[in-house]
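In what follows, a single structure is set out as C-alpha cells and then discussed.
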Amino acid sequence: MHFKKRIFMVAAVALGLAAVLAGGTGRVRPLESAEKRAGIFGRSDKETIYFWYTDETMTSFINSAAVAFGEREGVRVIPVLTYEGEYLEAINQASLQGGQMPDAYLIGNDSLEKAYLAGLASETKDDGAVCNTGNFPEAALAAVRFHGKNVAYPLYFETSALIYNESYLADWALQQARRELAEAGNEGGGDSAGPAEGEAGLTEEEAALAQQYLENGIPATVDDILSIADTFDVPEGVEGIMKWDVSDIFYNYWIVGRYLVVGGEAGDDAGAIDIDNPETVQCLEVYKALNQFFSMESDTVTYDSVLQDFIDGKIVFTVATTDVIRRLDEAKKDGSFAYEYGVSAMPEVSAGLESASLSVTGAVVVNGYSEHKELANGFAAYLVNDCAEELYEKTGKLPARNGTDEDNGPAQIFKLEYADSVSLPKLMETGNFWLQMEVLFSKVWNGADVQPLVTELAEQIAAQVANL
C-alpha cells in the first residue's frame with residue numbers, strides 16, 4: 003500500500019476513534035454478511051470466533067487458515083472482510099452490540115494505541131510463547147508493544163529497500179575493469195589466456211576484474227551512487243541513474259530515520275521525541291543536494307511511474323517497497339522486464355551518517371470485548387506462526403516471522419532491512435506528523451533552508467504533545 007493512502011486511512015481511523023471514545027453510533031457494514039460467511043465455515047454448534055480484516059488480497063490466506071485451524075481445534079473461525087473507512091468505529095459498534103463482534107482483527111501497528119485506549123485491544127495471552135526474539139526480529143516485537151505490554155501479534159511488514167538493475171550494474175563493472183586494464187597498459191587483457199568460459203568476447207582477466215567490481219559495486223553510501231553516476235557510460239534508453247518517489251515520505255524517510263526520533267523504540271513514548279538535532283539537519287542537507295544530481299519534480303513523480311521506468315530500463319536504481327518483488331518477477335515472466343535485478347539495503351547517507359528505513363507492521367489484535375479471548379489468541383498465534391510460510395505466496399506480503407521464504411533472495415534482503423527499521427509510531431499526539439514531514443521534505447527538495455524547517459516542525463510537535 004502506498005504511504006499516502008495509508009496516511010488517509012490513519013486519519014479515518016483517528017476520526018473513528020474520536021467517535022468511539024465519544025460514544026458515536028456510526029456503523030460500517032461488512033462487505034459480506036457474517037450470516038452468509040457462517041454457512042461456509044462449519045456447524046453453528048461449535049465454539050465460534052469472528053475475524054475482521056480490510057485488505058481483499060488477504061482473503062485466500064485468511065480463509066485457508068480459518069478452515070485449517072477450525073479443523074485442528076474443532077472450532078469455527080469466520081473471516082469477515084469489511085470496508086476500510088472508520089474501521090475502529092465499526093469494530094467498536096459491533097463490540098457494543100454483542101453477538102457477532104470481531105473477536106480478533108487485523109490492523110496496522112500505528113493504530114494500536116488508539117485501539118488499546120478504546121478497549122478494543124487486549125494484552126496478548128501468548129501461551130505458546132510465539133512472540134519472542136527467536137521467531138521475530140525486535141522491530142516486529144516493538145511494533146506490537148504498547149507501554150511494555152504486548153497488545154498484538156506481528157503478521158507481515160512493509161518497508162523500503164534499494165532496487166538496482168543488475169544487468170546495467172554488470173555493464174558498469176565491465177567498463178571499470180576495462181578502464182583499469184587499459185590504464186595499466188594491458189588493453190583487452192594483453193597476453194591473457196583468451197575469453198573466459200561462458201563470457202564470449204571477454205578475457206579471463208577482464209571477467210575476473212569485472213566480477214570484482216560488480217561484487218563491490220553495490221552502493222554502501224549515497225556517495226557510491228553518485229560515483230557510479232559519474233563513471234557509467236549509460237546504455238541507450240537510460241534516462242537517469244536513480245529515481246524514486248520523492249513525494250512520498252515512505253521512500254524518503256530512510257534519509258533521517260536513524261536520528262529523527264518520534265516515540266522511541268516502540269513508538270509509544272511521548273517523552274522520546276528528538277527532531278531538531280544536528281544529525282537530522284545534516285541528513286536533510288544531503289537530501290537537498292541530491293536534487294542537483296537526480297532532478298525530479300516532486301509534484302509529478304509517483305511510485306507507479308517510477309516502477310514503470312525501472313521495468314522499462316530507463317533507470318538503474320530506485321527505492322521500492324516489498325511489492326516490487328512480485329511485480330518484477332511477473333514482469334520478467336511476461337517479457338516486459340528484460341533485465342536481471344537485485345535488492346540491497348538502503349545506502350548510508352554518508353560515511354559518517356547512517357540511514358534507517360521506515361516500516362509498518364500488520365498486526366493481529368484480540369478484541370478486549372471478546373468473550374472468546376483464549377480461542378482468539380490461539381488463532382492469532384496460529385496465523386503469525388504456523389501460516390507464515392504461506393503468506394507471501396497467497397498475498398504478496400512478507401511475513402514478519404523469521405525463517406520464512408528462505409529461497410527468496412530479495413525477500414531476505416527486505417527482512418534484514420525491516421529488522422533494522424524504524425517502526426511507524428503509535429502516538430495519537432503525532433497523528434499529523436507524517437503530513438508535516440511530507441511538506442518539509444518537499445520544501446527541502448525544492449531548495450528551502452533546512453534548519454528553520456526542522457526547528458519549526460520540532461516546535462509544532464512539542465506544542466501538540468504538550469496540549470494533549
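When the letters of the sequence shown are read in order and numbered with the numbering used here, they come out as residues 3 to 470. All C-beta atoms in this analysis are idealised placements derived from N, C-alpha and C, irrespective of residue type, glycine included. This one's a predicted model, so the numbers in the text were calculated from it and none came from an experiment.
Quick check: what's the CA-CA separation for residue i versus residue j?
| i | j | result |
| --- | --- | --- |
| residue 174 | residue 181 | 11 Å |
| residue 312 | residue 266 | 35 Å |
| residue 72 | residue 48 | 9 Å |
| residue 246 | residue 178 | 26 Å |
| residue 338 | residue 351 | 33 Å |
| residue 309 | residue 322 | 8 Å |
| residue 213 | residue 230 | 16 Å |
| residue 327 | residue 400 | 10 Å |
| residue 419 | residue 361 | 9 Å |
| residue 466 | residue 219 | 45 Å |
| residue 85 | residue 209 | 56 Å |
| residue 349 | residue 54 | 38 Å |
| residue 300 | residue 241 | 17 Å |
| residue 383 | residue 115 | 20 Å |
| residue 126 | residue 357 | 33 Å |
| residue 363 | residue 110 | 6 Å |
| residue 123 | residue 153 | 6 Å |
| residue 414 | residue 76 | 36 Å |
| residue 289 | residue 426 | 21 Å |
| residue 50 | residue 80 | 7 Å |
| residue 448 | residue 286 | 12 Å |
| residue 277 | residue 365 | 27 Å |
| residue 185 | residue 410 | 40 Å |
| residue 261 | residue 148 | 22 Å |
| residue 144 | residue 264 | 14 Å |
| residue 88 | residue 94 | 10 Å |
| residue 257 | residue 404 | 26 Å |
| residue 216 | residue 228 | 16 Å |
With a 10 Å radius around its C-beta and 16 neighbouring C-beta atoms as the bar for buried, classify residue i as buried or exposed.
| i | result |
| --- | --- |
| residue 259 | buried |
| residue 320 | buried |
| residue 463 | buried |
| residue 359 | buried |
| residue 105 | buried |
| residue 156 | buried |
| residue 200 | Unreliable positioning characterises residue 200 in this predicted model, as indicated by a pLDDT of 40, which lies under 50. The coordinate reading is nonetheless provided below. Exposed, because fewer than 16 other Cβ atoms sit within 10 Å of the Cβ of residue 200. |
| residue 468 | exposed |
| residue 450 | exposed |
| residue 291 | exposed |
| residue 335 | exposed |
| residue 238 | exposed |
| residue 302 | exposed |
| residue 112 | buried |
| residue 282 | buried |
| residue 232 | exposed |
| residue 304 | exposed |
| residue 249 | buried |
| residue 423 | buried |
| residue 408 | exposed |
| residue 91 | buried |
| residue 135 | exposed |
Residue i bridges to which residues according to DSSP?
| i | result |
| --- | --- |
| residue 244 | 319 |
| residue 54 | 82, 107 |
| residue 401 | 158 |
| residue 223 | 350 |
| residue 326 | Residue 326 pairs with nothing; no bridge assigned. |
| residue 62 | Residue 62 pairs with nothing; no bridge assigned. |
| residue 424 | 360 |
Below 8 Å, how does it come out for the region 95-110 and the region 359-375: are there three or more Cβ pairs, yes or no?
Yes: at least three Cβ pairs fall under 8 Å.
Check whether the region 159-169 touches the region 202-213, taking contact to mean three or more Cβ pairs, one atom from each stretch, closer than 8 Å.
The region 159-169 makes no contact with the region 202-213; the number of CB pairs closer than 8 Å stays below 3.
Inter-stretch contact (C-beta, 8 Å, three-pair minimum) for the region 270-277 and the region 443-455:
With the cut-off at 8 Å, the region 270-277 and the region 443-455 do not touch.
Given 8 Å, three or more beta-carbon pairs between the region 437-449 and the region 108-126
The region 437-449 vs the region 108-126: no contact.
The region 389-396 in contact with the region 284-296 per 3-pair CB rule at 8 Å:
Result no; under three Cβ-Cβ pairs closer than 8 Å.
Ordered list of beta strand (DSSP E) runs contained in the region 332-392, each at least 3 residues:
Annotation note: the region 332-392 contains the following uninterrupted beta strand (DSSP E) runs of length 3 or greater, listed N- to C-terminal: 343-346, 360-368.
At 3 residues or longer, and completely inside the region 112-199: list those beta strand (DSSP E) runs for me, N to C.
Considered as a whole, the region 112-199 harbours 155-167 as its complete beta strand (DSSP E) runs of no fewer than 3 residues, in chain order.
Continuous alpha helix (DSSP H) assignments of at least 4 residues falling wholly in the region 250-324
With a minimum length of 4 residues, the continuous alpha helix (DSSP H) runs that stay inside the region 250-324 are 280-292, 305-313.
Three or more C-beta pairs under 8 Å: does that hold for the region 57-64 against the region 396-415?
Of all C-beta pairs linking the region 57-64 to the region 396-415, three or more are shorter than 8 Å, placing the two stretches in contact.
Could you tell me which uninterrupted alpha helix (DSSP H) segments, each at least 4 residues in length, are contained entirely in the region 433-458, listed from first to last along the chain?
You should have 435-447.
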